[in-house]
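For reference, the structure is listed below as structure tokens.
Numbering (the numbering used here), first residue to last: -5 to 156.
The structure is reproduced here in structure tokens:
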């Protein structure tokens, strides 16, 4: 019964965001909601009340980091476009996400791909992420440290130890 209530809530959020109450959109919303429900764990995970403030703070810091990286990367790419004489050192860098949690790996990959000038090309079977970058030296220097910081934040967000 709880999953049905969750299904209805997700569907209502989808319909509210899409602002289209046609039969086709409702059908699509049902399919999307079923897909979301399939990805969610069947048994609820308990969250300790004492973990919530740390997790919420980590979530806010994670979002701030994403906005900062996106803006900084945008300025970097704009500088490259406006100054064509600026030398590019493009290449591929291997980064270990150092996370056992699949969602943590996916969010790390998403965070990297959000940054203009960097794009996740592939993730191998061991979880190593291969990132194409416009400036390999900068990516090698910054990404590894940021990845450690992101991992710590994601552990706090998902209830692990920070």
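All C-beta atoms in this analysis are idealised placements derived from N, C-alpha and C, irrespective of residue type, glycine included.
Can residue 99 and residue 110 be called in contact, C-beta distance under 7 angstroms?
no
Counting along the chain, where does the beta strand (DSSP E) carrying residue 85 start and finish?
85 to 89
Going along the chain, which unbroken runs of the alpha helix (DSSP H) with 4 or more residues stay wholly within the segment 54 to 140?
96 to 108
Pull up the CB-CB distance for residue 130 and residue 83, whole angstroms please, since I reckon it's below 8 angstroms.
5 angstroms
Can you give the beta carbon distance from residue 151 to residue 23, rounded, assuming they're within the 8 angstroms contact cut?
Taking the Cβ atoms as the reference, residue 151 lies roughly 27 angstroms from residue 23, outside the contact range of under 8 angstroms.
Quick check on residue 18: buried or exposed, where buried means 16 or more other Cβ atoms within 10 Å of its Cβ?
exposed
Is residue 13 helix, strand or coil when you go by DSSP?
In the three-state DSSP reduction, residue 13 falls in the coil class, being neither helix nor strand.
Measuring CA to CA, which of 106, 102, 135 and 89 is closest to residue 124?
89
Quick one: using the 10 Å Cβ neighbour count with 16 as the cut-off for buried, is residue 143 buried or exposed?
exposed
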